[in-house]
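Engineer: For what it's worth, the working numbering labels the leading residue of the sequence shown as 3, then goes sequentially.
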Amino acid sequence: MSEEFRQEMPPAGGYRPFNYNRTYAKTLWGPGLFVAFNLGTAITGYFYNIKDFRHRRLAIYFEDKDLVNAMEPFLLAERDRIVLRIMKKNRELEKDLMKEVPGWKVGTWYGEPIYFTLGDQWIEPTALEANIHLKHNDWHKNAYWRQEGPWPTKPWLSP
């Protein structure tokens, strides 16, 4: 029942020669694949950044517009307070300046009124009229208060 013992022997012709030299791992990233991958990533990121920058710029633009719209009543009220303060100061300066002229009434031109009552209509004073008693150097600083916005505009934020 038992078979005859048979010893295993090397194959005929012997074993093949053993490689004892250093072997390197197989390269996954060759120089061409590395350059192509980095170039593709850079181009994709560039276009994504352009699109994302547009969205961020528009978001900032609309946020600024909403802020201006929300602040507009307050800014107009402050501007009107400044105008009324300037006009009151002008009347006081006129009163002080013309105190020695006999028969002079403040707000008239030798008795004839220069301001007429128009009911609820408001006529905005011109820059020259509002700043008539200022020195020439100060006039340029204060004359253009009407053109100033709440902050300087940023042309790169406009769509």
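Beta carbons: idealized from backbone N, C-alpha and C, even for Gly.
Quick caveat: nothing in here was measured; it's all calculated off a predicted structure.
Answer yes if the region 95-113 comes into contact with the region 54-68, meaning at least three C-beta pairs across the two stretches below 8 angstroms, and no otherwise.
Structural biologist: Counting Cβ pairs under 8 angstroms, fewer than three are found: no touch.
Engineer: When the Cβ atoms of the region 111-124 are set against those of the region 67-78, are three or more pairs found closer than 8 angstroms?
Structural biologist: With a cut-off of 8 angstroms, the region 67-78 and the region 111-124 do not count as touching, because too few Cβ pairs lie within range.
Engineer: Measure the CB-CB distance between Glu126 and Gly109 and report whether it falls below 9 angstroms.
Structural biologist: Cβ distance not < 9 angstroms, so Glu126 and Gly109 don't count as in contact.
Engineer: At the level of alpha carbons, what is the spacing between Thr128 and Met89?
Structural biologist: Rounded to the nearest angstrom, the two C-alpha atoms are 11 angstroms apart.
Engineer: Buried or exposed: which applies to Ala132, given that a residue is buried once 16 or more other Cβ atoms fall within 10 Å of its Cβ?
Structural biologist: Classification of Ala132: buried, given that the 10 Å Cβ count is 16 or more.
Engineer: Strictly by DSSP, which residues pair up with Pro115?
Structural biologist: BP columns for Pro115 point to Thr110.
Engineer: Quick one: is Asn139 buried, meaning 16 or more other Cβ sit within 10 Å of its Cβ, or exposed?
Structural biologist: That one is exposed.
Engineer: Among Thr43, Leu78, Asn51 and Asn92, which has the Cα closest to the Cα of Leu130?
Structural biologist: Ranking Thr43, Leu78, Asn51 and Asn92 by Cα distance to Leu130 puts Asn92 first.
Engineer: Rounded to the nearest angstrom, what separates Thr43 and Gly34 at their Cα positions?
Structural biologist: Near 14 angstroms, if we compare the C-alpha coordinates of Gly34 and Thr43.
Engineer: Tell me the rounded alpha-carbon separation between Trp31 and Asp54.
Structural biologist: Approximately 31 angstroms between the Cα atoms of the pair.
Engineer: What residue range is occupied by the uninterrupted alpha helix (DSSP H) comprising His57?
Structural biologist: Looking at the DSSP string, the run of the alpha helix (DSSP H) that includes His57 is Pro33 to Leu99.
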